[in-house]
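Scroll down for the structure; my scribbles are underneath it.
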């Protein structure tokens with residue numbers, strides 16, 4: 001049985017970066033796995049409809065951004081999480097696996113303003129991306145707002161060594177009587193678009209045939225987690241007062257966990273088999289090539305909270 005082809009729009013919208021981060025976050029960040037062969041990553045993403053050149057180009061970009069490190073073992077190219085990449089994915093994992101990923105983190109609101117020099121556009125992009133993941137949206141004139149008490153120190157830890165001193169100012173606030181925040185919230189976030197994101201996730205993954213969306217359980221699990229990451233990023237965890245009784249977040253959580261459980265055993269076994277498999281070596285005449293030294297595995301010291 002295969003999933004409804006009409007739902008392929010969700011597959012087509014998955015970006016190679018989302019899929020690679022999902023793969024490393026699910027199977028690498030918690031384990032003692034060494035560097036992953038490029039051929040393994042290409043194989044997994046090809047099952048999700050990503051061509052090999054697109055995967056290679058995305059791997060190159062992740063290396064340039066400091067998430068992955070590239071090494072070589074003979075003719076094989078391998079990729080491993082850097083210390084920065086490990087920190088980013090570990091931070092994301094708390095919400096990916098959290099019990100209530102769409103509930104606010106406490107009461108009130110967290111506000112942030114920042115100043116990054118114009119010549120540090122990449123750092124500004126990374127900061128904005130982190131804030132968006134944590135539920136922030138720009139309110140006005142460089143002021144960003146997020147529901148609840150966001151652990152901004154933990155969220156920005158992967159960026160801390162790159163941020164200039166005093167570049168970010170943050171504080172926690174509450175709404176004052178006579179100054180309702182509802183209009184500002186609805187201006188900052190498109191609540192109906194968030195609803196549609198939940199319903200699209202449920203439509204794809206609530207299908208009983210979803211676990212057979214691809215022939216590889218590992219590929220399907222990677223697709224599932226990539227879609228889950230996109231949904232988490234789209235939903236800022238607004239307070240319940242801004243939602244109606246039919247808000248679909250609870251159904252999204254139930255759907256994700258059910259499909260994840262269904263795929264867990266087969267995908268874990270498939271990952272172990274792929275990582276353990278030795279790459280094919282072509283036979284050549286003449287003197288044997290000198291073997292290259294094995295690539296090091298990521299240091300355990302690189303794994304932090």
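In the UniProt record's numbering, the protein residues as written are 1 to 305. All C-beta atoms, glycine included, are put in the ideal place defined by N, C-alpha and C. A quick note: this is a predicted structure, and the numbers were derived from the prediction, not measured.
Exposure label - residue i; buried when at least 16 CB within 10 Å
i, result
"residue 221", "buried"
"residue 179", "exposed"
"residue 227", "buried"
"residue 92", "buried"
"residue 265", "exposed"
"residue 241", "exposed"
"residue 281", "Confidence at residue 281 is low in this model, with a pLDDT of 45, below 50, so its placement is unreliable and the value that follows should be read with caution. Exposed, because fewer than 16 other Cβ atoms sit within 10 Å of the Cβ of residue 281."
"residue 94", "exposed"
"residue 126", "buried"
"residue 115", "exposed"
C-beta atoms of residue i and residue j nearer than 8 Å
i, j, result
"residue 143", "residue 137", "no"
"residue 29", "residue 89", "yes"
"residue 167", "residue 111", "no"
"residue 233", "residue 133", "yes"
"residue 104", "residue 237", "yes"
"residue 41", "residue 21", "no"
"residue 267", "residue 231", "no"
"residue 102", "residue 249", "yes"
"residue 63", "residue 69", "yes"
"residue 229", "residue 96", "yes"
"residue 244", "residue 197", "no"
"residue 252", "residue 191", "no"
"residue 117", "residue 55", "no"
"residue 52", "residue 77", "no"
Residue i - DSSP class collapsed to helix/strand/coil
i, result
"residue 238", "coil"
"residue 125", "helix"
"residue 91", "helix"
"residue 166", "coil"
"residue 116", "coil"
"residue 18", "helix"
"residue 262", "helix"
"residue 105", "strand"
"residue 156", "coil"
"residue 53", "helix"
"residue 209", "coil"
"residue 76", "strand"
"residue 39", "helix"
"residue 71", "strand"
"residue 179", "coil"
Alpha-carbon spacing of residue i relative to residue j, whole angstroms
i, j, result
"residue 188", "residue 24", "32 Å"
"residue 257", "residue 158", "28 Å"
"residue 124", "residue 81", "22 Å"
"residue 259", "residue 210", "8 Å"
"residue 216", "residue 247", "33 Å"
"residue 72", "residue 199", "43 Å"
"residue 47", "residue 212", "12 Å"
"residue 87", "residue 207", "34 Å"
"residue 60", "residue 107", "41 Å"
"residue 277", "residue 161", "38 Å"
"residue 172", "residue 44", "43 Å"
"residue 305", "residue 269", "Since pLDDT at residue 305 reaches only 34, below the 50 mark, its modelled position is unreliable, and no value is offered."
Cβ-heavy atom distance, residue i to the ligand SAH, below 7 Å
i, result
"residue 40", "In the structure shown, the ligand SAH is absent, as is every other ligand, since no ligand is present at all."
Residues of its chain near residue i, where Cβ-Cβ distance is below 6 Å and the 5 sequence neighbours each way are ignored
i, result
"residue 36", "79"
"residue 205", "255, 259"
"residue 283", "In this prediction, residue 283 has a pLDDT of 39, which is less than 50 and means its spatial position is unreliable; what the coordinates show is noted afterwards. Nothing meets the Cβ criterion."
"residue 274", "40"
Interface flag, residue i vs chain D, CB-CB below 8 Å
i, result
"residue 205", "Note that chain D does not occur in the displayed structure, where there is just one protein chain."
Own chain residues within Cβ distance below 8 Å of residue i, not counting five before or after
i, result
"residue 214", "47, 48, 220, 223"
"residue 175", "108, 109, 181"
Residues near residue i in its chain [Cβ-Cβ closer than 7 Å; skip 5 each side]
i, result
"residue 18", "226, 229, 230"
"residue 147", "104, 109, 135, 236, 237, 238, 239"
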